[in-house]
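Undergrad:
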Amino acid sequence: MAVQESQAARQERAFFVWSGRGLPAERLVWDGRSQRGELVESATDYPYRLTVVDVYGNRTVTQGNITVDVLVIREGDRLKIKVPSIVFRSGAADFNALPAEVLASNERVLRRIAQILNRFRDYNIRIEGHANSVARIRNLGQAAIDREEQTELLPLSEARARLVMEQLIAFGVDPRRLTVRGLGSSDPVVSFSDAENRWKNRRVEFILIK
Numbered sequence: 268m269a270v271q272e273s274q275a276a277r278q279e280r281a282f283f284v285w286s287g288r289g290l291p292a293e294r295l296v297w298d299g300r301s302q303r304g305e306l307v308e309s310a311t312d313y314p315y316r317l318t319v320v321d322v323y324g325n326r327t328v329t330q331g332n333i334t335v336d337v338l339v340i341r342e343g344d345r346l347k348i349k350v351p352s353i354v355f356r357s358g359a360a361d362f363n364a365l366p367a368e369v370l371a372s373n374e375r376v377l378r379r380i381a382q383i384l385n386r387f388r389d390y391n392i393r394i395e396g397h398a399n400s401v402a403r404i405r406n407l408g409q410a411a412i413d414r415e416e417q418t419e420l421l422p423l424s425e426a427r428a429r430l431v432m433e434q435l436i437a438f439g440v441d442p443r444r445l446t447v448r449g450l451g452s453s454d455p456v457v458s459f460s461d462a463e464n465r466w467k468n469r470r471v472e473f474i475l476i477k
């Protein structure tokens, strides 16, 4: 059985692979981590393909999606939700002109986040926007990086976080619990030189604060 990278990834590659011989197990249990130790992304679909070949060479293939719920994870002494699957219009802080299926996915994810945040009513929530840096990816130098950060990425990431906040309020989260912060490209989760994975840097995080 092969679990592919999430549908947000630009290239299809195996995220996790099982293989074996003999009678297949009745149930496969997976901890949600890749062979490299990466945890699945929150609120993301992972395509899978299960192939079974019998002793006569007959092959059966089953395909589908593993849907990951919104994950609340603990990092040190704080709780956090990290979601790369909220899709914005390119270079903008809105959902305008996005395909209908993307709009539906955004709404589903944001409604689910609102439900989960309302379970943690003793916490305030800081919504943080994060961005990818073209200047860093292209190694354009520190002056270009600083200029892009100040004039584009910080305002954009804050505006996107603010849009998410407005959506959560519309879905029933108390606005008094919510603040926003734009961090631009200052806190990447993978290297900007990693072409396969740097899309993960463009994300929204929800920090739960006592």
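Following the numbering used here, the numbering of the sequence shown begins with 268 at its first residue and continues without gaps.
Glycine is no exception: its CB is placed at the ideal position from the N, C-alpha and C atoms.
Just so we're clear, the structure is a prediction, and the values are computed from it rather than from any experiment.
1) How many angstroms separate the CA atom of Phe-282 from the CA atom of Lys-347?
2) Straight-line CA distance for Arg-277 to Glu-463?
3) Rounded to whole angstroms, what's the CA-CA distance from Phe-438 to Gly-408? Just pull it up for me.
4) So, helix, strand or coil for Ile-412, using DSSP?
5) How should Thr-318 be labelled, buried or exposed, when 16 other C-beta atoms within 10 angstroms of its C-beta is the threshold for buried?
6) When burial is assigned at 16 or more other CB atoms within 10 Å of the CB, is Ile-340 buried or exposed?
7) Which partner residues of Tyr-323 appear in the DSSP bridge assignment?
8) Starting from Ala-281, trace the beta strand (DSSP E) both ways and give me its first and last residue.
9) State buried or exposed for Leu-290, treating a residue as buried only when at least 16 other CB atoms are found within 10 Å of its CB.
10) Can you find at least 3 beta carbon pairs, one from the stretch 414-422 and one from the stretch 363-378, that sit closer than 8 Å?
11) Tell me Val-328's beta-bridge partners as DSSP assigns them.
12) Which term fits Tyr-323, buried or exposed, when burial requires 16 or more other beta carbons within 10 angstroms of its beta carbon?
TA: Short version:
1) Translated into positions along the sequence shown, residue 282 becomes position 15. Translated into positions along the sequence shown, residue 347 becomes position 80. C-alpha separation (whole angstroms): 23 Å.
2) On the sequence shown, residue 277 is found 10 positions in, with the first residue counted as 1. On the sequence shown, residue 463 is found 196 positions in, with the first residue counted as 1. Reliability fails at Arg-277, whose pLDDT of 45 lies under 50, so the model's placement of it is uncertain and no value is given.
3) Working through the sequence shown from its first residue, we reach residue 438 at position 171. Working through the sequence shown from its first residue, we reach residue 408 at position 141. Cα to Cα, Phe-438 sits roughly 42 Å from Gly-408.
4) Position 145 of the sequence shown, counted from the start, is the residue given in the question as residue 412. Here DSSP, grouped into helix, strand and coil, assigns Ile-412 to helix.
5) Start at 1 with the first residue of the sequence shown, and residue 318 comes out as number 51. It is exposed - the Cβ of Thr-318 has fewer than 16 other Cβ atoms within 10 Å.
6) Position 73 of the sequence shown, counting from 1, holds the residue named residue 340. So Ile-340 ends up on the exposed side.
7) Numbered from 1 along the sequence shown, position 56 holds the residue referred to as residue 323. According to DSSP, which records beta bridges pairwise, Tyr-323 is partnered with nothing at all.
8) Here residue 281 corresponds to residue number 14 of the sequence shown, with the count starting at 1. Where Ala-281 is concerned, the enclosing beta strand (DSSP E) stretches over 281-284.
9) Taking the sequence shown and counting its residues from 1, the one referred to as residue 290 is at position 23. Exposed: under 16 other Cβ atoms inside 10 Å.
10) Flag = no, the stretch 414-422 and the stretch 363-378 do not touch.
11) Reading the sequence shown from its first residue, position 61 is the one you call residue 328. Per DSSP, Thr-318.
12) Numbered from its first residue, the sequence shown carries residue 323 at position 56. By the neighbour-count rule (16 or more Cβ atoms within 10 Å), Tyr-323 is not buried but exposed.
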